[in-house]
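To start, the structure itself, in structure tokens.
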Amino acid sequence: MAKLIIDTSCSKIRLALSFDGHVFTYESDEKNIQAEQLALKLDSLLKKHHCLFSQIKTIYCVVGPGSFTGIRVAIAFVKGLVLEQNIKVVAVTNFALYLAQFKEQFELCGKAEIFINCGKNRAEFFHQIIEKDSGKISEAKIVSHSEIDHVNSGNLIISDFYTDNLRQKEKFYYIEDNKLKVERILALNEQILNSQFEPLYIRSTYVKQ
């Protein structure tokens with residue numbers, strides 16, 4: 005039985021295959037090739053490791069937040085793949101991916117606040133709070149630098165960027181590169197994984213206006 009993870013929410017294609025007791029990963033060198041190359045790269049990964057598509061029983065797909073185009077490509081691609089197939093699809097947010105890399109710290113703390121940079125030259129950040137015991141997940145939103153200053157110091161804080169305020173927090177963890185650490189993702193409580201296979205688009209208030 006094989007499990008597959010697909011992530012095109014950033015500018016690159018990231019794939020991970022858990023098969024035959026091993027984990028195999030792929031990350032594209034080129035950027036913004038999701039629509040043209042996703043099917044080819046997946047086919048190449050499966051052939052390289054002698055895994056048949058019929059052996060895949062679960063597909064984990066990253067649904068955002070991130071690149072609008074990349075997210076749409078992955079979701080449409082996966083929906084096409086599993087059509088009339090007995091394959092379970094699990095939606096995974098980038099918040100869950102970040103959290104997976106600090107699972108031990110999360111187990112101890114019980115509550116995490118996760119911040120993801122919206123993009124270069126922007127002063128806004130994706131934010132979500134996740135609780136371990138209850139499985140409660142706050143609504144994902146966009147916050148500003150000023151709002152970050154009021155982060156609860158008692159929570160586990162995971163972020164892919166620095167601010168002076170965050171660095172002063174005792175339980176702050178910086179995540180430099182969000183690699184697909186398959187074993188950690190698969191170990192997450194499924195309550196923390198997004199149950200709806202829909203794109204997680206988060207727009208700032210000025211866009212809505």
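If you're matching positions, the sequence shown starts at 5 in the working numbering and goes up one per residue. For every residue, glycine included, the Cβ atom is placed at its ideal position computed from N, Cα and C.
If distances are taken between C-alpha atoms only, which option among the options comes closest to residue i?
i	options	result
I120	T29, A20, F201, Y177	Y177
K16	S142, Q172, L42, F28	L42
L50	L8, A80, K107	L8
F23	S13, A39, M5	M5
K145	E108, L44, D137, Q132	Q132
K136	F110, E31, I118, E117	F110
K61	L21, K140, D33, P69	L21
Measuring only the C-alpha atoms, how far is residue i from residue j?
i	j	result
L19	Y64	10 Å
Y166	E180	10 Å
E174	S157	7 Å
K115	E143	15 Å
C122	E151	15 Å
V66	L192	14 Å
K52	E31	14 Å
C113	A100	16 Å
For residue i versus residue j, is the C-beta distance shorter than 8 Å?
i	j	result
I75	P203	yes
H149	A127	yes
F106	I189	no
F201	A95	yes
F130	P69	yes
V93	V86	yes
N159	E108	no
S13	S71	yes
Can you tell me whether residue i is buried or exposed? The criterion is at least 16 other CB atoms within 10 Å of its CB, across all chains shown.
i	result
L56	exposed
Y102	buried
N98	buried
H54	exposed
D11	buried
E88	exposed
L46	buried
L44	exposed
Using only the heavy atoms of the ligand ZN, determine whether one of them is closer than 7 Å to the beta carbon of residue i.
i	result
T73	Only the bare structure without any ligand can be found here, which leaves the ligand ZN out of the picture.
Pull up the DSSP beta-bridge partners for residue i, would you.
i	result
E31	R18
H68	Before going further, note that residue 68 is Gly rather than His in the sequence given. T97.
V147	F129
A6	I60
D11	R18
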